[in-house]
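What follows is one structure encoded as structure tokens, with my remarks underneath.
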Amino acid sequence: MKSIDKSYMYQLRLLWAYKDLLRNHFKPITNWYIRKFRAAQLQAAHKLQGKDCLDVAFFLSIPGMWKHDTLFEAMQKDPHYHPYIVITLYSQYKGFEKDEMMKVLERTRQFAESKGYEYVIPYDDKSGKWLDVKKLYHPDIVFFTAPYKDTLPQNFIYHYKDTLTCYLPYAITSLNYYKTNYNLISTNIVGIYFVETPIHKELAYKYSRNNAENVVVSGHPATEVFLNPNHSPHDEWKKQSKPKKRVIYAPHHSIDFDNNATFMDNGEAILALAEKYSDDIQFAFKPHQLLKFKLQQVWGEEKTEDYYRRWESMENTQLVTDSYEDLFLTSDAMIHDCGSFTVEYIFTQKPVMYLCKDEDMSDKFNPFGIKAFDCHYHGLSIDDIEHFLKDVVVEGNDPMKVQRKQFYDDYLASKDGVLPSQKMLQIIEDTINGK
């Protein structure tokens, strides 16, 4: 059984693969590189002026990081854009099993195909090598769905200095990972960094090296499905013999280091609760897509597969591994420990519990996240979780309903009627035209 590689050798492999020793570890050189890259980005944008059709490549390695539907579809409808997805292999440097990485690659391919999106997999079967997207397809704009070095070096932002680059967080940012969110080398050099609210732009200004000069407030396109009154959600829940309450259990993957993740504390107990309340509640198990990788390295493959299989096989449970928006809209409540869902689920205004490691979690969130976290019921124990299921979900005693509604009205509801995807297109045009 392999463990996730965090050794010095792992760090050295990353340094070698990304040629990263100087530009990301010595402050004067880092600052010089940021200025140089940012200047090149402005030139790359300027060169796109007057071009009839812009080829836009969206890099994607995991379906769960895809939050770009409405933007992608808006580009499809606009003759000025030609969007397509570039499916890339998830990190080969983190010690994950190759077979599992290939399964994720295939799931990502199926995901893109199911949506009817144009996609490419830049892999040469004959040579067994991954090809250079820049040389092969010459995109005018590259959208990164993640800011990390979790892909091959030729798919990382360093390779696209002379191509206009964009980044949209794959979730509404709520945790206090200020360096990860705002001060990675990638977030400092990217051409356009789209953020969710003015609060997030203030955080970027405070914590980034470049004083948020590339940061613009657009809202998040993943929220449009919740804001659209004409959207009719698809019912993805397993059919039951009688009406039952619908609860999502969404654990995070970060079980491999001291973090907020609670799966190792209560993952098996929640499965037992699903069995106990099978007459009244049906459950959807919606794990982070990296959780299975991590569990295989802690539990082993057999126990991990058995756990996932049990969620799939019980009459009142199911496993969900792809998009979740309609799942949210057709649910009655959620239990989770995911920073990304802390805000997103409140769009539904339904009861939600955050699974906690400590009584005081305020230091885990950014200012926006604290406001959202305070709209949650807090689960410190299995007893807390069971009380939430019985009293709030089944019985309908929901004292936090008013607080969730107030947060939605203050921070989530659209104020100007312009959808985030439309704002993003306008921002791209303004950047190209030097506005």
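Add 2 to the 1-based position in the sequence shown for my numbering, that's all there is to it. By construction, the Cβ of each residue, glycine as well, lies at the ideal position given by its N, Cα and C atoms. Predicted model, so just to flag it, every value in this text is computed and none were measured.
Subject >> Segment limits, beta strand (DSSP E) that includes lysine 247 >> reply: 247 to 252
**OP:** Would you mind stating whether phenylalanine 390 and methionine 355 have Cβ atoms separated by less than 8 Å?
**Re:** Going by C-beta atoms, phenylalanine 390 is nearer than 8 Å to methionine 355.
Original post:
Once you ignore the five residues that flank phenylalanine 375 on each side, which residues in its own chain have a CB closer than 7 Å to its CB?
Top reply: Thr344, Tyr356, Met363 and Phe367
**OP:** Assuming valine 219 contacts lysine 203 (C-beta within less than 8 Å), just tell me the rounded distance between them.
**Re:** 5 Å
Original post:
Going along the chain, which residues of its own chain have a beta-carbon closer than 7 Å to the beta-carbon of phenylalanine 39, five neighbours each way excluded?
Top reply: Lys163 and Ile191
**OP:** For methionine 316, name the three-state secondary structure that DSSP assigns.
**Re:** coil
**OP:** For the alpha helix (DSSP H) containing tyrosine 139, list its first residue and its last residue.
**Re:** 135 to 139
**OP:** List the endpoints of the continuous alpha helix (DSSP H) containing glycine 371.
**Re:** 369 to 375
Subject >> Residue from Leu297, Val249 and Asn262 whose Cα sits closest to the Cα of leucine 275 >> reply: Nearest of Leu297, Val249 and Asn262 to leucine 275, Cα basis: Val249.
**OP:** Note the first and the last residue of the continuous beta strand (DSSP E) segment covering glycine 381.
**Re:** Looking at the DSSP string, the run of the beta strand (DSSP E) that includes glycine 381 is 379 to 381.
**OP:** Can you tell me which of Cys358, Lys246 and Glu270 puts its alpha carbon nearest to the alpha carbon of lysine 392?
**Re:** Lys246
Subject >> Boundaries (first-last residue) of the beta strand (DSSP E) holding tyrosine 35 >> reply: From DSSP, tyrosine 35 is part of no beta strand (DSSP E) but of the alpha helix (DSSP H) over 29 to 48.
Original post:
Near arginine 406, which residues of its chain fall below 7 Å by C-beta distance, leaving aside the five closest residues on each side in sequence?
Top reply: Excluding sequence neighbours, arginine 406 sits near Ile348, Gln351 and Cys377.
Original post:
methionine 336 lies in the beta strand (DSSP E); which residues open and close that run?
Top reply: 335 to 338
Subject >> Nonlocal neighbours in the same chain, by C-beta distance under 7 Å from glutamine 78, ignoring five residues either side >> reply: Pro85
**OP:** Would you please state the rounded distance, in angstroms, between the beta carbons of leucine 321 and glutamate 327? I believe it to be under 8 Å.
**Re:** Wrong, their Cβ atoms sit about 17 Å apart, outside the cutoff.
Subject >> Reduced DSSP category for glutamine 284 - H, G, I as helix; E, B as strand; rest coil >> reply: strand
Subject >> Neighbourhood of lysine 117 by C-beta distance below 8 Å, restricted to the same chain and skipping five residues each side >> reply: Asp71
Original post:
Using CA coordinates, which residue listed in Leu293, Tyr309, Lys53 and Phe295 is at the minimum distance from isoleucine 272?
Top reply: Tyr309
Original post:
Quick one: what's got a C-beta closer than 6 Å to proline 289's C-beta in the same chain, skipping five residues either side?
Top reply: Pro253
Subject >> Contact under 8 Å by Cβ, leucine 73 with isoleucine 434 >> reply: no
**OP:** Would you tell me roughly how many angstroms separate the C-alpha atoms of glutamine 156 and aspartate 134, rounded to the nearest one?
**Re:** Looking at the two C-alpha atoms, the distance is approximately 6 Å.
Subject >> Pair within 8 Å by beta-carbon distance, valine 122 and phenylalanine 61 >> reply: no
Original post:
What's the call for valine 404, buried or exposed, on a 16-neighbour Cβ count within 10 Å?
Top reply: exposed
Original post:
Mind checking aspartate 385: buried by the 16 CB within 10 Å criterion, or exposed?
Top reply: exposed
**OP:** Consult DSSP for lysine 131 and reduce its assignment to one of helix, strand or coil.
**Re:** strand
Subject >> Euclidean distance between Cα positions of aspartate 142 and alanine 47 >> reply: For aspartate 142 and alanine 47, the distance between alpha carbons rounds to 9 Å.
Subject >> Per-residue DSSP class, three states only, for isoleucine 174 >> reply: coil
Subject >> Residues sharing a beta bridge with histidine 84, DSSP >> reply: Asp57
**OP:** Have a look at Thr323, Ile31, Glu304 and Asp400 and flag the residue whose alpha-carbon is nearest the alpha-carbon of proline 353.
**Re:** Asp400
Original post:
If you run the structure through DSSP and keep just helix, strand and coil, what is phenylalanine 228?
Top reply: Phenylalanine 228: helix per DSSP, three-state reduction.
**OP:** Check whether the Cβ atoms of lysine 296 and histidine 255 lie closer than 8 Å to each other.
**Re:** The answer is yes: Cβ separation under 8 Å.
**OP:** Taking all protein chains shown into account, decide if histidine 140 is buried (16 or more other Cβ within 10 angstroms of its Cβ) or exposed.
**Re:** Residue burial annotation: histidine 140 is exposed, with fewer than 16 other C-beta atoms found within 10 angstroms of its C-beta.
**OP:** Give the straight-line distance between the Cα atoms of alanine 335 and aspartate 365, rounded to the nearest whole angstrom.
**Re:** 25 Å
**OP:** Check the DSSP bridge columns for valine 218 and list the partner residues they point to.
**Re:** According to DSSP, which records beta bridges pairwise, valine 218 is partnered with Phe196.
Subject >> Residues of its chain near cysteine 55, where Cβ-Cβ distance is below 8 Å and the 5 sequence neighbours each way are ignored >> reply: Short of 8 Å from the beta carbon of cysteine 55, and not among the five residues preceding or following it, lie these beta carbons of its own chain, in chain order: Pro81, His82, Tyr83 and His84.
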